[in-house]
Structure formats: C-alpha cells, structure tokens
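According to my numbering, the sequence shown holds residues 1 to 482 in order. All C-beta atoms, glycine included, are put in the ideal place defined by N, C-alpha and C. Below is one structure, written out as structure tokens, with a few remarks after it.
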Amino acid sequence: MSLTRHFLIRTYGCQMNVHDSEKVANLLHHDGYASASSENDADVLIINTCSIREKAEHRLYSDLGLLRAWKEERSGRVLGVAGCVAQQEGDAILRRFPFVDFAFGPHNLRLVPEMIGAAQQGQRSVRTDEAADLARFDLPERHPAFEGQTPGRAYLTVMEGCDMFCSFCVVPNTRGREISRPAEGIVAEAISLAGRGVREVTLLGQTVNAYGRHDLRRGRAEIAGTVAFAELLGRLDAIEGIERVRYTSPHPIFYDEALIAAHGKLASLCPHVHLPVQSGSDAVLERMRRRYRADDYRALVERLRAARPDLAITTDLIVGFPGETEEDFRRTLALVRDVGFVDSFSFKYSPRPHTSAAELEDVVSPAEAQARLEEIQTLQRGLTLDYHRSRVGQTVPVLVEGGSRRGAGQVSGRDPHHRVVNFSVPREPGPRPGALASLRIVEATPHSLIGELQDSTSPGRAAVKPERRRADGTGRSAAVEG
Ligand code: 5AD
Ligand code: SF4
C-alpha cells in the first residue's frame, strides 16, 4: 500500500475561492501530498466555503451532514473547513460538528499543513486571525505536480480584502481589509507562469482596480512596492509569453483615465470586463452604498467603449433589495437594455449577518423577487443571443480548454471576449488544451458560440487594432497551434 497521503478540496463560490483552493493544493503538494481522484481515496478533505448568499452557506451544513460517514469510514482521515463561512463561523462549526478537525479563513492558508499535522495528533484548531501583513502573499511557486484549472490559464492575486462595505455584502467581514501585493512579486509570478506555458492570466482582487490605492493615498506606494493599476497592466503586457490579461472584479468608481486608456492600448488586455452594477435605480444604489449613480455607470461604459469599441461587458445584478419598488426595478431593466450586457449574473437579495442592509425594512416578498429575477433573466437571454449573433462570421483566437459539454470530438475554449466557443476537431490530433486555435464563428446559440477550426494562420493580431502594441513597443504574434 502506498504511504503517500491524498487530499481533495471541494470548492464553492467565487474565483478567489477557486484560487485559494489552488494555493492550498499547491502547499500540500510541496508538503508531500498527492491529489486524490475521489473522496473515497482522500485522506484529507477540505471544504472551501462561500457565504455570499444564504443558500451557499447552507450547502456547507448539508455537506457536513453527509461527511460524518466519510470521516468514520477510515481512521486517520482529516476534515477541514475553509473559506468565508469558516472565517465567520469557525468556532461554531467545530462545536457543532465534532468530526471536523479544523477551520481556517482566507488569511490563513499557509497554516494548512500545520493544522493537518495537529489533527493527526488529535488536536482540533480554528485559525481565523486576520493577517494585515504582506507575508500571506509569499507562497511557494507551482509544484510540478500541481495542475492549475486549465493548461494555459492561471489566476494571479494582486490584492485581497475589501473596504467598500456595500450594505448587502458579507465580504468585507470575511476577507478583511484591503491589502495590495507588491508589483514586483506579481510580475515575477507572471514571468514564472509564462515559463510554464501559461498564456492567459486573470488578475484577482475583490475590488481589483482599487489595487494600490491606499498606498498611493498615504504616499507610501514606493515603500509598499505598489503602482497604479494601469501601470501594473502595462508591466504584465510587456512579459513575453503572456498573451492575454484579464482582471476581476473591478468596482466602477476605481476607473481612472489611465485604466480606461489601457483598454485601447495594451494588446494583451482582453476586450471583456465584468463590471458589477447591482441596480439601475439611484435610490437603490444609494441604499446599497455603491457610491455611483446609474448615469455614472452609463458614462463609464461609454468611455470604455470609446477606448475599445468591441468591449464585451458583463455584470452582476441584485433584485429584491429592501425597498426596491416596481419603478426601481424598471430602471434596472432599462439600464440592462441601454448597456446591452453581453451576459449577467442576477441574484435575489439575500440578507447576510453583520451587514447593514440586513437591518433594512420594507422587504420585497419572495414571490415578487422571484418574478423580477425571471424577468431580468429573460431580458438577458435575448441580449446574449443578439450579441452572439453579431459575432457570426468573425475569426477569433480561442484558448482551448478541453472537451466540450456537447460530447465526443467536441472541444471548447474561450475567445478574447470570454465567450465559450465550441468546435469539432475534423481530424486528430486537434489543438491541445492550453493552445490558441483560430476559429471562425459560424453559429450562435443562447449560451455559446460555435466555431470552425481554421488553418494555422495567426488570428491574434487581426483581433487587435493595428496600432495596439505591447507596452515595450514591439508587436505581438499570437501563435496558433494545431
Ligand atoms: N444577496 C444577493 N446577492 C449578493 N451578492 C453579494 N451579496 C449579495 C447578497 N447579500 C452578489 C452581488 C455581487 C456578487 C458576487 O454576488 O451581485 O456582485
Ligand atoms: Fe462586496 Fe461591495 Fe466589496 Fe464587492 S465592493 S466585495 S460587493 S462590499
């Protein structure tokens, strides 16, 4: 029997959580663990939780209900709970579920090997202290055995935490205060990723374009090693091998001239932004504490599109926020139509503990909220299909992800606008996951585009205006691999 211990991480929630799980997986590889192919094979199981809405939080409790059996099935098994629910409820989880060995929050990823070691000695632990220092960004490089989400793509943390305190949002409580990572470390990680075949990086931060703002305001950017966000994008654009840069999620109030201009200048910066708006009603936006009005958002969209006309904009929307009237909701529908979002994630408002909106009265009935959700989703489906239809006939570089949901011989990937493109491979071997393939869009469906594989002529530069150049002034030739 092999002596190697195996781990599995079950992840819920946002990209930060997905990336936190990757960081923990990488730490465990460095500690001599191997990843398990199923829970049955796992010696260590970590549930990385989300608390953004009540439903997400409930998932943990239903999972835990079933995991007692997993834990008891084999002696020596270790069970940990991570993420935002662990941060807020760690002590309660350990009290209520005696078979959970440890709980830790997003600031304490580095302690996982230690907590597993303690669990093996029979010691249970909760680590939810907030680390205000930069040490939490000092994580080991990718272990050779670590497999990222998709070959060719990687997440890259640039800042953590949130100081915005939108009235509905639990995140400032779970992920703590804003802290930006020194630019040098970000660039070094991107160079190292490029050396391992990563072509696309997605910069992560709760309010990613607020990167470095506190350092700048306090006049300590130099000491902190941070730069303006647009400058950071420029430095990443100059890295050989990094063909695509994305960032998520920005906050509308942190767009300055330089960032808007970067969308027109940097060849690597993808023509897509996910720009959460939440509501189209000024009264609701004010109660949400979003700090902009609907027209400010519209004006921002216009400026972004002036810089990059083909920019695809997606968003997040909340319906049924306390006090949202029919009129408020109509304003949201109007904004969705005016902007013409390519896609959106819409949610029914869910009151969260320790948030100020949870105190608001004038609650919208669940039936009304549901009806609004359905209406906005119907509107969005139409807009998404219109957008997809407008793309038919274009030839685009697609970063191949792997097998498509459509079945055998079908491959899928993402275009620069972040749309899923499915295509079939006429003869093996088709393009490998992680390769850039040139595809002509031949059909639009409600959820994705259908493409046809082109011969290996480079589509990369064709998708980019001729005047777009890398920050270092050189051209970029997008390789197309078969
Ligand atoms: N209820 C409903 N949706 C929420 N979101 C954040 N908090 C809540 C909540 N309490 C949504 C927002 C955010 C996305 C990640 O989740 O739209 O942008
Ligand atoms: Fe939550 Fe608002 Fe911060 Fe986004 S900006 S994480 S919605 S508090």
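Looking at residue i and ligand 1, is the gap between the Cβ and the nearest heavy atom below 8 Å?
| i | result |
| --- | --- |
| proline 352 | Residue 352 is actually arginine in this sequence, not proline. Checking the Cβ of arginine 352 against ligand 1 gives yes. |
| leucine 304 | no |
| cysteine 84 | no |
| isoleucine 253 | no |
| proline 276 | yes |
| cysteine 270 | no |
| phenylalanine 329 | no |
| lysine 265 | no |
| leucine 483 | Beyond the ends of the chain as shown, which are 1 and 482, falls residue 483; an answer cannot be given. |
| leucine 360 | no |
| leucine 233 | no |
| tyrosine 349 | yes |
| alanine 357 | yes |
| serine 404 | no |
| serine 365 | no |
| isoleucine 376 | no |
| phenylalanine 423 | no |
| leucine 203 | no |
| serine 75 | no |
| serine 249 | yes |
| phenylalanine 345 | yes |
| aspartate 316 | yes |
What does DSSP give as the partner residues of residue i in its beta bridges?
| i | result |
| --- | --- |
| glycine 452 | Correcting the residue type first, residue 452 is glutamate in the shown sequence and not glycine. In the DSSP output, where bridge partners are listed per residue, glutamate 452 has Arg440. |
| alanine 135 | Alanine 135 is not bridged to any residue. |
| isoleucine 179 | Glu160 |
| valine 422 | First, the amino acid is wrong: residue 422 is asparagine here, not valine. Asparagine 422 pairs with Ser412 and Ile450. |
| threonine 49 | Gly83 |
| serine 346 | Leu317 |
| serine 35 | Phe7 |
| histidine 29 | For histidine 29, which the question treats as bridged, DSSP gives no partner whatsoever. |
| tyrosine 155 | Thr202 |
| arginine 127 | Phe104 |
| leucine 269 | Val245 |
| histidine 274 | Thr314 |
| proline 397 | Ser438 |
| valine 78 | Val44 |
Report back the beta-carbon spacing between residue i and residue j to the nearest angstrom; my notes put them in contact at under 8 Å.
| i | j | result |
| --- | --- | --- |
| histidine 251 | alanine 210 | 6 Å |
| leucine 216 | isoleucine 186 | Actually they are not in contact, since the Cβ atoms of leucine 216 and isoleucine 186 sit about 16 Å apart, beyond 8 Å. |
| valine 171 | glutamine 206 | 6 Å |
| proline 433 | proline 140 | No, proline 433 and proline 140 are not in contact; Cβ-Cβ is about 24 Å, not under 8 Å. |
| alanine 357 | serine 167 | 4 Å |
| arginine 175 | proline 106 | 5 Å |
| alanine 25 | histidine 6 | In fact, because the Cβ distance is near 11 Å, the residues do not count as touching under 8 Å. |
| isoleucine 179 | glutamate 160 | 6 Å |
| glycine 280 | alanine 294 | 5 Å |
| glycine 321 | tyrosine 349 | Residue identity differs from the one stated: residue 321 is phenylalanine in this sequence, not glycine. Contact holds; Cβ gap of about 5 Å. |
| proline 416 | arginine 244 | 7 Å |
| alanine 194 | isoleucine 242 | 5 Å |
| alanine 183 | valine 227 | 5 Å |
| tyrosine 247 | valine 208 | 5 Å |
| alanine 485 | leucine 449 | Here the chain covers residues 1 to 482 and nothing more, so residue 485 does not appear. |
Nearest to residue i by alpha carbon, out of the options?
| i | options | result |
| --- | --- | --- |
| tyrosine 489 | Leu203, Leu3 and Leu399 | Residue 489 lies beyond the residue range present for the chain, which begins at 1 and ends at 482; the question has no answer from this structure. |
| valine 420 | Arg427, Pro426, Val411 and Glu428 | Val411 |
| phenylalanine 97 | Asn108, Glu72, Gly212 and Gly32 | Glu72 |
| alanine 435 | Glu452, Ala444 and Gly413 | Gly413 |
| arginine 199 | Ile239, Leu449 and Gly225 | Ile239 |
| leucine 317 | Val301, Leu304, Ser346 and Arg305 | Ser346 |
| threonine 314 | Leu285, Leu383 and Tyr292 | Leu383 |
| asparagine 344 | Pro446, Phe229 and Arg53 | Checking the sequence shown, residue 344 turns out to be serine, not asparagine. It is Pro446. |
| isoleucine 253 | Arg291, Lys265, Pro353 and Arg246 | Arg291 |
| methionine 288 | Asp295, Gln278, Asp296 and Tyr297 | Gln278 |
| glutamate 147 | Asn48, Ala188 and His19 | His19 |
| glutamate 57 | Pro353, Glu39 and Glu359 | Pro353 |
| serine 125 | Gln87, Ile223 and Pro426 | Gln87 |
| leucine 524 | Gln120, Ser38 and Lys23 | With the chain running from 1 to 482 in the structure shown, residue 524 is simply not present. |
| lysine 265 | Val284, Leu285, Asp282 and Ala230 | Ala230 |
| phenylalanine 165 | Ala437, Glu286 and Arg381 | Glu286 |
| serine 75 | Arg59, Ala131, His29 and Phe99 | Phe99 |
| glutamine 370 | Glu326, Gly234 and His263 | Glu326 |
| valine 301 | Asp328, Leu134, Leu269 and Leu335 | Leu335 |
| glutamine 394 | Arg142, Ala444, Asp362 and Glu375 | Ala444 |
| arginine 142 | His418, Phe104, Ser62 and Glu189 | Glu189 |
| proline 351 | Leu64, Val363 and Leu67 | Val363 |
| arginine 10 | Ala42, Val284 and His263 | Ala42 |
| proline 431 | Arg406, His418, Ile441 and Leu399 | Leu399 |
Confirm the yes/no value for this check: CB of residue i, any heavy atom of ligand 4, distance under 8 Å.
| i | result |
| --- | --- |
| isoleucine 52 | Looking at this structure, you won't find ligand 4 anywhere; what it does contain is ligand 1 and ligand 2. |
Between residue i and chain C, is any beta-carbon pair separated by less than 9 Å?
| i | result |
| --- | --- |
| glutamine 394 | Absent from the structure: chain C. Only one protein chain is present. |
* For review: beta carbons within less than 6 Å of any heavy atom in ligand 2 -> Cys162, Met164, Phe165, Cys166, Cys169, Val171, Pro172, Gln206, Thr207 and His251
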